[in-house]
Amino acid sequence: MDDKEIFRHIPDNEIAWHAGDGRKEGGGNMNGIGIEICVNRNSDFNTALKNAAWLVATLMKKHNIAIENVQQHHFFNGKNCPEIMRRQGLWDNFIAMCRAEFAKLS
Ligand SMILES: [Zn+2]
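Just so we're aligned, residue 748 is where the sequence shown starts under the working numbering, counting upward by one.
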């Protein structure tokens with residue numbers, strides 16, 4: 748996803764290799780829905796974040812996922828992802844954005 752569109756690569760219930768933790772039981776690949784935010788020089792990162800928050804909220808509602816289970820890829824495998832959010836300390840704010848989007852859907 749970027750500041751203009753969201754592209755679904757695979758169905759929500761299909762296993763993908765986004766979290767980098769293989770087939771670990773209870774892990775991100777086996778249990779999580781992977782979201783990647785595109786960071787392009789010619790796109791608006793803040794708008795991409797807003798779109799990501801909307802998508803997170805929509806998936807939370809659709810699959811009955813608690814906000815506590817919205818995790819960084821870093822949580823599963825230690826990689827520095829989402830890198831800009833981590834570097835700029837934006838994660839807590841992003842979670843707040845997800846909560847706000849979720850409230851709008853309820
Ligand atoms: Zn990632």
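We put the CB at the ideal spot given by N, CA and C, even for glycine.
Contacting residues, own chain, Cβ-Cβ under 8 Å from residue i (five flanking each side not counted)
i           : result
residue 775 : 765, 766, 767, 768, 781, 818, 820, 822, 823, 824
residue 735 : An answer regarding residue 735 cannot be provided, because it is not within the stretch 748 to 853 covered by the chain.
Per-residue burial, residue i [other beta carbons within 10 Å of its own, 16 or more giving buried]
i           : result
residue 800 : buried
residue 784 : buried
residue 848 : buried
residue 841 : buried
Residue i (DSSP reduced to helix, strand or coil)
i           : result
residue 827 : coil
residue 852 : helix
Neighbourhood of residue i by C-beta, 6 Å cutoff - its chain only, sequence neighbours within 5 removed
i           : result
residue 794 : 750
Close-in-space but distant-in-sequence residues of the same chain around residue i (CB under 7 Å, 5 per side omitted)
i           : result
residue 762 : 776, 777
Note to self: Runs of 4 residues minimum, wholly inside the region 749-825: which ones carry the alpha helix (DSSP H) assignment?
What the structure shows: 775-778, 792-810, 820-824
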